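Reviewing the structure listed below.
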Amino acid sequence: VSHYVVGSVLEQQASDADERMSDRSDVSGQAASSFLHDLFHELETEGIDAAFNFGLDSLITGFERLRSSTTD
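Count along the sequence shown starting at 1, add 1213, and that's the number in the numbering used here.
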């Protein structure tokens, strides 16, 4: 988790968030499912903070599931 946080901070410091958002290609059209398409589109339109929070929440949820599956 710390590597994710540090990497996100370094990425944000490297360039302005608005420039990054406008320079990126639209990946939502390349998604394998409608769920992923909607997810990518939401992250692209909501900005870097939403993407960071989504990634962190995903890591934590994954760790919680892993922990609960090993304690059952």
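Glycine included, each C-beta is placed from N, C-alpha and C at the ideal position. Remember, predicted model here, so these are calculated numbers, not experimental data.
Measuring only the C-alpha atoms, how far is Y1217 from G1260?
Rounded to the nearest angstrom, the two C-alpha atoms are 17 angstroms apart.
Out of T1274, T1284 and S1282, which has the shortest C-alpha to C-alpha gap to V1214?
Out of T1274, T1284 and S1282, T1274 has the C-alpha closest to the C-alpha of V1214.
Sort E1255, A1264 and S1281 by Cα distance to Q1225 and report the nearest one.
Minimum Cα distance to Q1225 is reached at A1264.
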